[in-house]
Amino acid sequence: MQISEFVQHFDKLFAARPRVFRAPGRVNLIGEHTDYNDGFVMPAAVGFSTYVAIAARPDRRLVIRSEEFPGNFEFDLDHLPPQRTGAWCDYVLGVATVLQQRGCELAGANLLAHGEVPIGAGLSSSAAIEVASALALLSLGKTQLPLPEIAKLCRQAENNFVGARVGIMDQFVSCMGKAGHAILLDCRSLEPKFVPLPADLRLVVCNTMVKHDLATGAYNTRRAECEEGVRYFTKLDPAIRALRDVSPELLDQHARDLPATIWKRCCHVVRENQRTTDAARALAVGDLGRMGELMRESHRSLRDLYEVSCRELDIMVEAAEGLPGFCGGRMTGGGFGGCTVNLVRQENAAEFAAQVTERYQRATGITPQVYICSAENGVRALS
Ligand code: GLA
Numbered sequence: 006m007q008i009s010e011f012v013q014h015f016d017k018l019f020a021a022r023p024r025v026f027r028a029p030g031r032v033n034l035i036g037e038h039t040d041y042n043d044g045f046v047m048p049a050a051v052g053f054s055t056y057v058a059i060a061a062r063p064d065r066r067l068v069i070r071s072e073e074f075p076g077n078f079e080f081d082l083d084h085l086p087p088q089r090t091g092a093w094c095d096y097v098l099g100v101a102t103v104l105q106q107r108g109c110e111l112a113g114a115n116l117l118a119h120g121e122v123p124i125g126a127g128l129s130s131s132a133a134i135e136v137a138s139a140l141a142l143l144s145l146g147k148t149q150l151p152l153p154e155i156a157k158l159c160r161q162a163e164n165n166f167v168g169a170r171v172g173i174m175d176q177f178v179s180c181m182g183k184a185g186h187a188i189l190l191d192c193r194s195l196e197p198k199f200v201p202l203p204a205d206l207r208l209v210v211c212n213t214m215v216k217h218d219l220a221t222g223a224y225n226t227r228r229a230e231c232e233e234g235v236r237y238f239t240k241l242d243p244a245i246r247a248l249r250d251v252s253p254e255l256l257d258q259h260a261r262d263l264p265a266t267i268w269k270r271c272c273h274v275v276r277e278n279q280r281t282t283d284a285a286r287a288l289a290v291g292d293l294g295r296m297g298e299l300m301r302e303s304h305r306s307l308r309d310l311y312e313v314s315c316r317e318l319d320i321m322v323e324a325a326e327g328l329p330g331f332c333g334g335r336m337t338g339g340g341f342g343g344c345t346v347n348l349v350r351q352e353n354a355a356e357f358a359a360q361v362t363e364r365y366q367r368a369t370g371i372t373p374q375v376y377i378c379s380a381e382n383g384v385r386a387l388s
């Protein structure tokens with residue numbers, strides 16, 4: 006997008022010159038459904054971004070508009086709605102609400118959003134708009150907050166205001182992403198380790214173009230199942246606070262005592278944590294063979310144990326096998342549709358994209374979108 010055009014559009018709407026902030030979407034390389042279990046994830050920020058332009062107003066109103074979505078939303082900062090309105094502006098409102106609750110004094114503002122992160126594809130368009138809005142709103146006030154804290158507040162907005170019980174991964178990587186690197190994030194301590202990706206590697210993201218209705222309900226069910234697992238293990242050892250604290254050995258010892266479904270869910274999480282730290286080590290030494298194997302295992306586990314894949318995702322993962330330059334791939338994000346992520350050598354990436362498209366199309370009759378991405382930086386002020 007041309008920033009100058011975006012700024013001009015803002016000027017036309019609000020007769021002011023705005024500051025512009027850009028926050029990226031993300032793709033998760035490995036560590037799925039582990040963030041809300043205090044575990045490990047390894048996402049990277051990608052080149053799709055949401056842009057938020059903002060300028061102060063003399064009154065206490067917050068006006069929110071988008072280039073893609075209709076509506077001219079106007080609120081009084083001193084009487085923000087106590088709960089979601091059901092419109093897209095909830096992401097901005099939620100952030101404004103948590104910032105105020107945190108004690109940040111916000112100024113009246115006109116705000117315009119422009120999103121390029123594909124929506125509903127599991128690439129975190131919601132985290133991107135939250136994070137860009139947070140920086141924009143804070144830029145007009147006196148409070149400065151560290152980026153990890155902004156990530157936490159944005160997650161809080163999504164949990165408490167928008168009403169999605171997501172983990173911290175998406176907001177964190179949208180804040181802290183680093184070009185050329187994935188982030189191995191310990192979701193308990195929030196300590197990041199930046200893992201360099203080989204320069205000639207591309208993250209090829211394949212959008213199945215489906216999103217099954219199940220997604221939100223099933224996400225919350227999975228969370229509840231994990232909590233049930235934790236309750237069981239806490240009785241055995243009060244030091245266990247999350248599935249993060251359950252070792253593979255302990256899990257195996259109790260395989261027969263847990264209800265079968267709960268055991269499968271726990272099994273996925275406990276081993277996925279292990280895979281994720283192993284994957285960071287493999288990447289650090291450039292062992293792409295091992296990394297690819299771990300990604301494949303992750304997919305199988307999400308499909309068979311956590312049961313959040315779907316036919317289209319499985320076909321897309323299958324479609325990548327055997328193509329030149331392909332190191333490994335899996336579904337990415339919450340599941341039930343959305344995208345797969347594939348590690349592919351740069352020189353083969355374009356051909357890979359063409360072949361996967363053809364294979365997927367042949368099997369499903371759906372034309373996918375394929376994006377050749379690299380790891381990018383997190384949120385930035387552009388002007
Ligand atoms: C969604 C959530 C994340 C994470 C993933 C699954 O993307 O927003 O917090 O839980 O699902 O790994």
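With positions in the sequence shown counted from 1, the corresponding number in my numbering is that position plus 5. Note that beta-carbon positions come from the ideal geometry of N, C-alpha and C, so glycine has one too.
Using a strict less-than 5 angstroms threshold between each residue's beta carbon and the heavy atoms of the ligand GLA, what residues do you get?
37, 38, 40, 171, 172, 174, 175, 338, 339
Checking the sheet assignment: what are the DSSP bridge partners for residue 200?
Within the sequence shown, numbered from 1, the residue matching residue 200 stands at position 195. In DSSP, residue 200 forms a bridge with 187.
Selection from 54, 114, 63 that minimises the alpha carbon distance to residue 78:
Position 73 of the sequence shown, counted from the start, is the residue given in the question as residue 78. The residue with the shortest Cα to Cα distance from residue 78 is 114.
What are the residues that DSSP puts in a beta bridge with residue 116?
Here residue 116 is taken as the residue at index 111 of the sequence shown, counted from 1. Answer by DSSP bridge pairing, in chain order: 59, 69.
For my contact list, residue 155 and residue 141 are in at a C-beta cut-off of 8 angstroms; report their separation, rounded to the angstrom.
What you label residue 155 is simply residue 150 of the sequence shown in a count that begins at 1. What you label residue 141 is simply residue 136 of the sequence shown in a count that begins at 1. The C-beta distance from residue 155 to residue 141 rounds to 11 angstroms, too long to fall under 8 angstroms, and the pair is not in contact.
Nearest to residue 198 by alpha carbon, out of 239, 341, 286?
Here residue 198 corresponds to residue number 193 of the sequence shown, with the count starting at 1. The shortest Cα separation from residue 198 among 239, 341, 286 belongs to 286.
Given a cut-off of 8 angstroms on the beta-carbon distance, is the pair residue 57 and residue 116 in contact?
Within the sequence shown, numbered from 1, the residue matching residue 57 stands at position 52. Within the sequence shown, numbered from 1, the residue matching residue 116 stands at position 111. Yes, Cβ-Cβ distance for residue 57 and residue 116 is below 8 angstroms.
Residues that DSSP places opposite residue 336 in a beta bridge:
One-based indexing of the sequence shown puts residue 336 at position 331. DSSP lists 345 as the beta-bridge partner residues of residue 336.
Please classify residue 84: is it buried, with 16 or more other beta-carbons within 10 angstroms of its beta-carbon, or exposed?
Your numbering for residue 84 matches position 79 in the sequence shown. Residue 84 should be labelled exposed.
Just verifying my parser: in three-state terms, what is the DSSP assignment at residue 150?
For the purposes of this step, residue 150 is taken as the residue at position 145 of the sequence shown. Correct three-state label for residue 150: coil.
Just to confirm, is the Cβ distance from residue 163 to residue 99 under 8 angstroms?
Start at 1 with the first residue of the sequence shown, and residue 163 comes out as number 158. Start at 1 with the first residue of the sequence shown, and residue 99 comes out as number 94. Yes, the Cβ-Cβ distance between residue 163 and residue 99 is below 8 angstroms.
From this set, 173, 150, 80, which residue's C-alpha is nearest residue 107's C-alpha?
Taking the first residue of the sequence shown as position 1, residue 107 is located at position 102. It is 150.
Could you spell out where the beta strand (DSSP E) holding residue 28 opens and where it closes?
As a position in the sequence shown, residue 28 is number 23, starting the count at 1. Start and end: 24-33.
In the DSSP assignment, what are the bridge partners of residue 212?
Looking up residue 212 in the sequence shown gives position 207. In DSSP, residue 212 forms a bridge with 344, 374.
Residue 3: buried (16+ other C-beta within 10 angstroms of its C-beta) or exposed?
Residue 3 lies beyond the range of the chain shown here (6 to 388); nothing can be said about it.
Name the one or two DSSP bridge partners that residue 54 has.
In the sequence shown, the residue the question calls residue 54 occupies position 49. According to DSSP, which records beta bridges pairwise, residue 54 is partnered with 29.
Three CB pairs or more closer than 8 angstroms across the stretch 324-343 and the stretch 218-230
The answer is yes - the stretch 218-230 touches the stretch 324-343, with three or more Cβ pairs under 8 angstroms.
Those residues which DSSP pairs with residue 48 across a bridge
Here residue 48 refers to the residue found at position 43 when the sequence shown is read from its first residue. Looking at the DSSP assignment, residue 48 forms a beta bridge with 33.
Which listed residue (381, 47, 318) has its alpha carbon closest to that of residue 361:
For this step, residue 361 is matched to residue 356 along the sequence shown. Considering only alpha carbons, the answer is 318.
Pairwise C-alpha distance: residue 33 and residue 351:
Here residue 351 refers to the residue found at position 346 when the sequence shown is read from its first residue. Here residue 33 refers to the residue found at position 28 when the sequence shown is read from its first residue. The alpha-carbon atoms of residue 351 and residue 33 are separated by roughly 19 angstroms.
Taking 8 angstroms as the threshold (C-beta atoms), are residue 379 and residue 36 in contact?
By 1-based counting over the sequence shown, the position of residue 36 is 31. By 1-based counting over the sequence shown, the position of residue 379 is 374. No; because the gap between Cβ atoms is not below 8 angstroms, this pair is not in contact.
Check whether the Cβ atoms of residue 126 and residue 344 lie closer than 8 angstroms to each other.
The sequence position of residue 126 within the sequence shown is 121, counting from 1. The sequence position of residue 344 within the sequence shown is 339, counting from 1. When the beta-carbon positions are compared, residue 126 and residue 344 come within less than 8 angstroms of each other.
Own chain, CB closer than 8 angstroms to residue 11, minus 5 neighbours either side, in chain order:
Counting from one through the sequence shown, the residue named residue 11 turns up at place 6. Only 25, 56, 58, 72, 117, 119 meet the Cβ criterion.
State buried or exposed for residue 387, treating a residue as buried only when at least 16 other CB atoms are found within 10 Å of its CB.
Your numbering for residue 387 matches position 382 in the sequence shown. It counts as exposed.
Give the secondary structure of residue 261 by DSSP, where H, G and I count as helix, E and B as strand, and everything else as coil.
If you number the sequence shown from 1, residue 261 lands on position 256. Looking at residue 261 - three-state DSSP - the assignment turns out to be coil, as it is neither helix nor strand.
Figure out for me which residue from 60, 28, 6, 45 has the closest Cα to the Cα of residue 17.
The residue you call residue 17 lines up with position 12 of the sequence shown. Nearest C-alpha to residue 17: 60.
What are the residues that DSSP puts in a beta bridge with residue 206?
To locate residue 206, count along the sequence shown from 1; it is residue 201. Residue 206 is bridged to 350.
Where residue 314 falls, given that 16 or more other Cβ within 10 Å makes a residue buried
For the purposes of this step, residue 314 is taken as the residue at position 309 of the sequence shown. It counts as buried.
Taking Cβ positions, are residue 23 and residue 54 nearer each other than 8 angstroms?
Along the sequence shown, read from residue 1 onward, the residue named residue 23 stands at position 18. Along the sequence shown, read from residue 1 onward, the residue named residue 54 stands at position 49. The answer is no: Cβ separation not under 8 angstroms.
What first and last residue would you give for the beta strand (DSSP E) that runs through residue 81?
As a working note, residue 81 is residue 76 in the sequence shown. From DSSP, the beta strand (DSSP E) with residue 81 extends over 78-81.
Exposed or buried, what is residue 48 when buried is set at 16 or more other beta-carbons lying within 10 Å of its beta-carbon?
Against the sequence shown, residue 48 aligns to sequence position 43. So residue 48 counts as buried.
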